[in-house]
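As given, the protein sequences belong to chains A and B, one line each in that order.
Here UniProt numbering is used: position 289 in the first sequence is 289, and no number is missing along the way.
Here UniProt numbering is used: position 87 in the second sequence is 87, and no number is missing along the way.
No residue lacks a Cβ here, since even glycine has one placed at the ideal position from N, Cα and C.
These numbers come from a predicted model, not from an experiment.
Number of protein chains: 2
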Amino acid sequence: MATISEVAAKAGVSTATVSRALNGKSTVDPDLVLRVRRAAEELGYQPNGPARNLRRQEAAVVALIISDVENPFFTAIARGVEDVAHEVGYSVVLCNSDENAEKENRYIDVALQERVAGVILSPSGPTTSVEKLTKRGTAFVAVDRPLPGQSSDVVLVDTRLAAREATAHLIDQGYQRIGCITGPAGVRTADDRLAGYRDALKSRRLRSTTKLVRRTEYKAAGAHRAAQELLDQAEPPDALLVANSAMAVGVLQALQEHGIRPGKQVGIVAFDDAPWAELVDPPLTVVAQPAYEIGTVAARLLLARIGDNTRPTTTTTLAARLIERGSSHRG
Amino acid sequence: MATISEVAAKAGVSTATVSRALNGKSTVDPDLVLRVRRAAEELGYQPNGPARNLRRQEAAVVALIISDVENPFFTAIARGVEDVAHEVGYSVVLCNSDENAEKENRYIDVALQERVAGVILSPSGPTTSVEKLTKRGTAFVAVDRPLPGQSSDVVLVDTRLAAREATAHLIDQGYQRIGCITGPAGVRTADDRLAGYRDALKSRRLRSTTKLVRRTEYKAAGAHRAAQELLDQAEPPDALLVANSAMAVGVLQALQEHGIRPGKQVGIVAFDDAPWAELVDPPLTVVAQPAYEIGTVAARLLLARIGDNTRPTTTTTLAARLIERGSSHRG
DNA sequence: AACGGCTGGGTAATCCATTACCCGCCCGCT
DNA sequence: AGCGGGCGGGTAATGGATTACCCAGCCGTT
């Protein structure tokens, strides 16, 4: 692998000139630039990233640590982050924490060690700590979930309100015993969706009971079990608020196994507008979250903070949108 | 941010000893190890990755360049790669090439610049070149699609055979005018699926006509249009082989819009066993690909090659599995 | 003509962890 | 006692790009 000095030798200039010519940071004789370019080309010169990053004390890379690569909500965020970051020459590396605090921590360490310019993180739980990042002064933005007790830029969806509206919608449709299947306690979005659900029941003077609430991991399997349990009760729910699309898969499966068609007997509203939501019968009523936009906003905030880490922290709250389809209509 | 010399000063030893104590590469007095550890701890020392990588001439990172982060097939591969890589202390960075040769190239450059230990790539098309990687001697494995004209380790699914079997299954079910919606020309999996489809028609002495074949990008929108066109023909197909799950969404939508229920009137088999395949009515017959396994196999091959780049290249072909459900039955 | 200012480009310091090389000490053997 | 071998640990070279600093030359001004 060619180094900068080989390029310099071939072009008959100093390494400093090569660097300046290739990075365009300073004025260099156009003739020399050409000679340097040609030499670099011929040698297949690729600057040594570690050397550059060592010198610059920072890599033009942002790390995006998400809790589940297989969740379309997060991959849509990733796409948003990428689109913005690439525009300004940053690379994005995607790290999958698997809702696992230990893996998350490990990735934070890696990000720190590699001296990335910034980190965007969806905190896996209440124990998440980005203290290490802030201590070192690494730019940081939280997405989807705020960071417990810390101040940082954060991009959220007003998920509590969305859950409230979704639940109110179910009530309006005449459902009476509405249940909720949400994510693990301590995961902020899961807590918020539950809280919004309770808000709605309360404001409509419906009794809220833990018998109609289940919490499991944000996956199909857990939601499947939860739905089974709820449906097998003496007094089963006549509607369910489901906290994400993977869970919706589990819930719809359970309904199928019980021979229950969504809508008429059991109303369903699920978070996240999956591409298949319109394909099931009846089509699934969903709370669509602006995932891509979360990504773009977060990336822009991060870039701003990379530029100036003293700027005041902000909280951006985006609205979710209820998309009514057949699964929440008795008709 | 603390450096190794600060740790050394604090522990009262040389930097060499700090490095040896923390990396455990050489025997160090246990007392000193303890002192060093404590000093590092107290200073919150994080080794400087770029410096380390510069010295070692390689980062303990593998890059995984996939063509679509939002495609569950690829995210499942990612998970497989991660699980294996993490076991041996490698980090995985995920890069999204978007089926875009230019982005792909750019990520290859980044991987090269950052001196990653290895690259796993799903080549976006016929123009993909990993020459740069092989020239520098970076370990490399291709997944899902072989690399045109180059020899490298590659992990594939026998997708042509799978397409043939899926088509044969449709024929066995009594469908007569079977169509095919596949990915862009030049994308190997798309070509292979089409070839397998034709193999089956031929071996059963059915005429194959381009009127029943459409090629579009591997996305819902393209497949939707393609299905519309096919269905609006004078002699529409009575069955469709669809080349991935995103496309299946588009196709099923089109059927809905035509008021056609899959199965009875138009049989459907789609590649990729999406979580929602059992939820649609009738449930979708699919060709399940062992995506996770592709990831684990590829990662193991890559690690072997990182260890010894002179080993002969191998081709691993995994079998796909047809899962018969309602959408391919006339009954 | 002399001098100040500006510009282009070279020299060498710098970033920090790893490791080749070397030294001193201790142990055991003859 | 003397010597060889082995081990722990220090010194300094190393990796490669960037950039502070400096110098030479050219222009314009007085």
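With a threshold of 7 Å between beta carbons, is Glu-165/A in contact with chain B?
no
So the alpha helix (DSSP H) Val-7/A belongs to, where does it begin and stop?
Counting along the chain, the alpha helix (DSSP H) containing Val-7/A begins and ends at 4-11.
From Leu-230/B to Cys-95/A, what does the alpha carbon distance come to, in whole angstroms?
41 Å
Could you check if Leu-34/B is buried or exposed, using at least 16 other CB atoms within 10 Å of its CB as the buried criterion?
exposed
Pull out every residue of the region 130-148 of chain B whose Cβ sits closer than 9 Å to any Cβ of chain A, in chain order.
Lys-132, Lys-135, Arg-136 and Gly-137
For His-258/A and Ala-234/A, I'd like the C-alpha separation in whole angstroms.
For His-258/A and Ala-234/A, the distance between alpha carbons rounds to 14 Å.
Does the CB of Ala-85/A have a neighbour CB from chain B at under 7 Å?
No, no contact with chain B.
Assess, as a yes-or-no matter, whether the region 54-61 of chain A is touched by the region 103-123 of chain A under the definition of 3 or more beta carbon pairs within less than 8 Å.
Contact between the region 103-123 of chain A and the region 54-61 of chain A is present, with at least three C-beta pairs closer than 8 Å.
Contacts that Pro-290/A makes with chain B (C-beta to C-beta distance below 8 Å)
The contacting residues do not exist; Pro-290/A stays about 15 Å from chain B at best.
Counting only Cβ pairs nearer than 8 Å, list the residues of chain B close to Glu-70/A.
Pro-72, Thr-75, Ala-76 and Arg-79
Find the residues of chain A that neighbour Met-1/B, judging by a C-beta separation of less than 7 Å, and give them in chain order.
Arg-136
Taking the beta carbon of Ser-26/B as the centre, do at least 16 other beta carbons fall within 10 Å, making it buried, or is it exposed?
exposed
Residues sharing a beta bridge with Gly-118/A, DSSP:
Val-62/A and Ala-139/A
What does DSSP give as the partner residues of Pro-262/A in its beta bridges?
Per DSSP, Val-266/A.
Along the region 218-233 of chain B, where does the CB come closer than 7 Å to a CB of chain A? Name the residues.
Ala-220
Which whole-angstrom value describes the C-beta separation of Ser-152/B and Thr-313/B, a residue pair presumed to lie in contact below a C-beta threshold of 8 Å?
6 Å
Val-110/B beta carbon less than 7 Å from that of Ile-294/B:
no
Do Val-187/A and Gly-125/A have their CB atoms nearer than 7 Å?
yes
What does a CB cutoff of less than 6 Å around Arg-204/A pick up in its chain, not counting 5 residues either side in sequence?
Short of 6 Å from the beta carbon of Arg-204/A, and not among the five residues preceding or following it, lie these beta carbons of its own chain, in chain order: Ile-171.
Flag this pair as touching only if the region 244-254 of chain A and the region 214-223 of chain B have three or more C-beta atom pairs under 8 Å; answer yes or no.
no
N-terminal and C-terminal residue of the beta strand (DSSP E) that Arg-300/B is part of:
Segment 291-307 is the alpha helix (DSSP H) holding Arg-300/B; no beta strand (DSSP E) there.
Those residues which DSSP pairs with Asn-96/B across a bridge
Partner(s): Ile-66/B.
Is there at least one Cβ from chain B nearer than 7 Å to Ala-51/A's Cβ?
yes
Reduced DSSP category for Ala-274/B - H, G, I as helix; E, B as strand; rest coil
coil
So, with DSSP's three-state summary, where would you put Thr-159/A?
Residue state, collapsed to three classes: helix.
Val-33/B: first and last residue of the uninterrupted alpha helix (DSSP H) it sits in:
30-43
Between which residues of its own chain and Arg-160/B is the CB-CB distance below 6 Å, once the five residues before and five after are set aside?
Asp-192, Ala-195 and Gly-196
Interface residues of chain B around residue 414/A at Cβ under 8 Å?
Nothing can be reported for residue 414/A, as the shown portion of chain A is limited to 1 through 331.
How do the region 235-242 of chain A and the region 174-186 of chain A stand: do at least 3 beta-carbon pairs fall below 8 Å, yes or no?
Output reads yes: the region 174-186 of chain A touches the region 235-242 of chain A.
Taking its Cβ as the centre, do 16 or more other Cβ atoms sit within 10 Å of Ala-319/A, making it buried, or is it exposed?
By the 10 Å Cβ count, Ala-319/A comes out exposed.
On the DSSP bridge list, what partners appear for Asp-153/B?
Val-141/B
Hey, how far is the Cα of Leu-296/B from the Cα of Val-81/B?
Reading the sequence as shown, one finds Thr at residue 296/B and not Leu. Taking the straight line joining both Cα atoms gives about 5 Å.
According to DSSP, is Ser-91/B part of a helix, a strand, or is it coil?
strand
Short-range partners of chain B found in the region 103-114 of chain A, where Cβ spacing is below 9 Å:
Lys-103, Arg-106, Tyr-107, Asp-109, Val-110, Leu-112, Gln-113 and Glu-114
Determine whether the Cβ of Ser-91/A lies closer than 7 Å to any Cβ atom of chain B.
yes
Is Gly-49/B helix, strand or coil by DSSP?
helix
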